[in-house]
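Residue numbers (the UniProt record's numbering): 1 to 370.
Quick reminder that beta carbons are idealized off the backbone N, C-alpha and C, glycines included.
Everything on this sheet refers to the single structure shown next.
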């Protein structure tokens, strides 16, 4: 019989596009003894999570909960519940995750009208207006924080256009949630999904989502079944609401414990303080990188504070430098995707990883290995 040794992993400084470092309190929460997924005590945990997700998303939406799967499942939850075969959907694409939304929408049988922009650029509202006028859109979907390029997309103007066209406004906030301003109700967002492993600084595997009453009305008036049983909101919502919960699936108990504690930490810090911390550490990193000769991919006013995309200087070996950072300094940063593979680095300052010591450690390491 093969003998497998006890698992041992290195202690990394996580400064890539996710996951981020996790607070010791969150790790301790994961070690809490299990209870059943319908135990009255666990239902209180679920209620606490729902309340804190509403507060951190700045929404009063009743249908706000956490999908028991990663952010990609949150993306699918929004799209498969709101789209039916034959619907028209406007999908904004300026990176990997806009493309992924378009793929899912097409798999739902929807006709996709794409609004595309160069990677590293924001979506142009004028192009959005043209696309909305060219069809009878059921929804418009857009990425708030494009993790593949470091672009922060302004939402309010496009939200108003979408509402004027009679469509639902769907937002990917996987990277922006709890790291920069995000006002679901004020900005007229009808459906939104995020992830647990970015600025929330919880372990990967959960996806907070929220749906407006307009989105619920669309769900209630579907003519066809939702194509996914597991993600069907008509079933899932009965597990997250009411005095008598209907069994749907066995929730990941320990991950939910972690989510609850991560949200408590965020609210203790305060949203505005947290946003300011992310911005301050972004500026510290920016100044240090620019002093080393780095150039940012994205225009200053559209840069994500928690995901910094910088061009790799000429003559610097992408893979070799990232390998040395990992092996010699235990620092992880991310490489480029798609057309930016080998051309940019993606440096994360998310949640617990948004720390001045992390920034200074990385800058010192880069000076040594480059």
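DSSP three-state call for residue 111: helix, strand or coil? strand
Under 9 Å between the Cβ atoms of residue 96 and residue 139? no
Endpoints, beta strand (DSSP E) assigned at residue 211: 207-211
Residues near residue 361 in its chain [Cβ-Cβ closer than 6 Å; skip 5 each side]: none
Reduced DSSP secondary structure (H/G/I, E/B, other) of residue 346: strand
Report the CB separation of residue 71 from residue 195 in whole angstroms; it is logged as a contact under 8 Å. 3 Å
Select from 353, 336, 326 the residue whose C-alpha is nearest the C-alpha of residue 9. 326
The region 177-185 contacting the region 259-275, beta-carbon criterion three pairs below 8 Å: yes
Just the Cα atoms here: how many angstroms apart are residue 150 and residue 78? 23 Å
Could you give the distance in angstroms between the alpha-carbon of residue 100 and the alpha-carbon of residue 40? 38 Å
Given that a residue counts as buried once 16 or more other Cβ atoms are within 10 Å of its Cβ, and exposed if not, what is residue 229? exposed
With distances taken from CA atoms, which of 307, 58, 342 is nearest residue 388? Residue 388 lies beyond the stretch modelled for the chain, which goes from 1 to 370, so this question has no answer here.
First and last residue of the uninterrupted alpha helix (DSSP H) at residue 24: 24-30
Does the distance from the C-beta atom of residue 168 to that of residue 82 stay below 9 Å? yes
Could you compute how far the alpha carbon of residue 65 sits from the alpha carbon of residue 316? 44 Å
According to DSSP, what are the bridge partners of residue 296? 310
Would a C-beta distance cut-off of 9 Å place residue 364 and residue 340 closer than the cut-off? no
Does the region 116-135 come close enough to the region 275-291 to have 3 or more Cβ pairs within less than 8 Å? no
Examine the Cβ distances between the region 15-34 and the region 208-217 and report whether three or more of them are shorter than 8 Å. no
Looking at C-alpha atoms only, which residue of 22, 207, 121, 234 is the closest neighbour of residue 220? 234
Could you give the first and the last residue of the continuous beta strand (DSSP E) run that contains residue 141? 137-143
Could you pull out every residue in the same chain whose Cβ sits closer than 8 Å to the Cβ of residue 60, ignoring the five residues on either side in sequence? 54, 185
Compare the Cα-Cα distances from residue 172 to each of 115, 74, 187, 335 and report the closest residue. 74
In the DSSP assignment, find the beta strand (DSSP E) that holds residue 64 and state where it starts and stops. 63-67
Suppose contacts are defined by Cβ-Cβ distances below 9 Å. Is residue 284 in contact with residue 356 by that definition? yes
Using only CA atoms, which one of 205, 349, 295 lies nearest to residue 440? An answer regarding residue 440 cannot be provided, because it is not within the stretch 1 to 370 covered by the chain.
Output the distance between the C-alpha atoms of residue 198 and residue 328, rounded to the nearest integer angstrom. 24 Å
Residue range of the alpha helix (DSSP H) that residue 239 falls in? 233-240
As a quick exercise: from 322, 311, 257, pick the residue whose alpha carbon is nearest that of residue 46. 257
Smallest Cα separation from residue 307: which of 348, 102, 165? 348
Find the nearest neighbour of residue 111 within the set 155, 121, 132, 314, judged by alpha-carbon distance. 132
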